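For the sequence shown, the working numbering begins at 313 and goes up steadily by one.
No residue lacks a Cβ here, since even glycine has one placed at the ideal position from N, Cα and C.
In this text the structure is predicted, and so the values were computed from the model without any measurement.
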Amino acid sequence: MLVIELAEAVPRVAIQRLRGFLLGASARFEEKRVGEYDLNIHAESLGITDAGDVDGRRPVLVSLMGPGIGDEAVFEAEHADEVDQESLIGFTPTHAVDVVALVMSPVVV
């Protein structure tokens, strides 16, 4: 999982551009709410040329969160126990983007 902390809300035009990119790069696309997407992205659209023995699609969840966009409770819970972020990253996060890449086969350890 990749979490990208943001210093301010994401402008609607940027959300529309993200949606357009994800829609065009996806084999399957489901918009659960504005800023939250469940999709299968084509590996080639990410620059992956050797998909191995699978069909080249990768399941991914993308979720914008914070006040006014959604998942506010999740955002607050994820940040409740954190130390002062401003001293580490130069700002206090108000919003975030979570990107979760899923595995289509059992994980081998």
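For this session: Throw me the rounded Cβ distance for the ASP350 and GLU356 pair, which I believe falls under 8 Å.
Result: The pair is not a contact, with the Cβ atoms about 20 Å apart (cut-off 8 Å).
For this session: Given a cut-off of 9 Å, decide if ASP362 and SER375 are closer than it, judged by their beta-carbon atoms.
Result: Going by C-beta atoms, SER375 is not nearer than 9 Å to ASP362.
Exercise. My guess is that ALA337 and ILE316 are in contact by the Cβ rule of under 8 Å, so how many angstroms apart are they, rounded?
Worked result: Cβ atoms of ALA337 and ILE316 stay farther apart than 8 Å, at about 18 Å.
For this session: Keeping to the same chain, check which residues put their C-beta closer than 7 Å to that of ASP396; ignore five residues upstream and five downstream.
Result: Closer than 7 Å at Cβ, skipping near neighbours: no residue.
Exercise. How about ALA321 and ILE360: are their beta carbons less than 9 Å apart?
Worked result: It is not a contact, given that the beta carbons lie outside the stated cut-off.
Exercise. Taking Cβ to Cβ, would you say GLY378 is nearer than 9 Å to LEU318?
Worked result: The answer is yes: Cβ separation under 9 Å.
For this session: Quick one: residues in its chain with C-beta nearer than 8 Å to the C-beta of LYS344, no 5 flanking neighbours on either side, listed in chain order?
Result: ASP350, listed in sequence order.
For this session: Flag this pair as yes or no: are the beta carbons of VAL412 and VAL372 separated by less than 9 Å?
Result: Their beta carbons are under 9 Å apart, which means VAL412 touches VAL372 by this criterion.
Exercise. Buried or exposed: where does PRO405 fall if 16 or more other Cβ atoms within 10 Å of its Cβ makes it buried?
Worked result: With 16 or more Cβ atoms within 10 Å of its Cβ, PRO405 is classed as buried.
Exercise. Beta-carbon of GLU394 versus every beta-carbon of chain C: anything under 9 Å?
Worked result: Protein chains in the displayed structure number just one, and chain C is not present.
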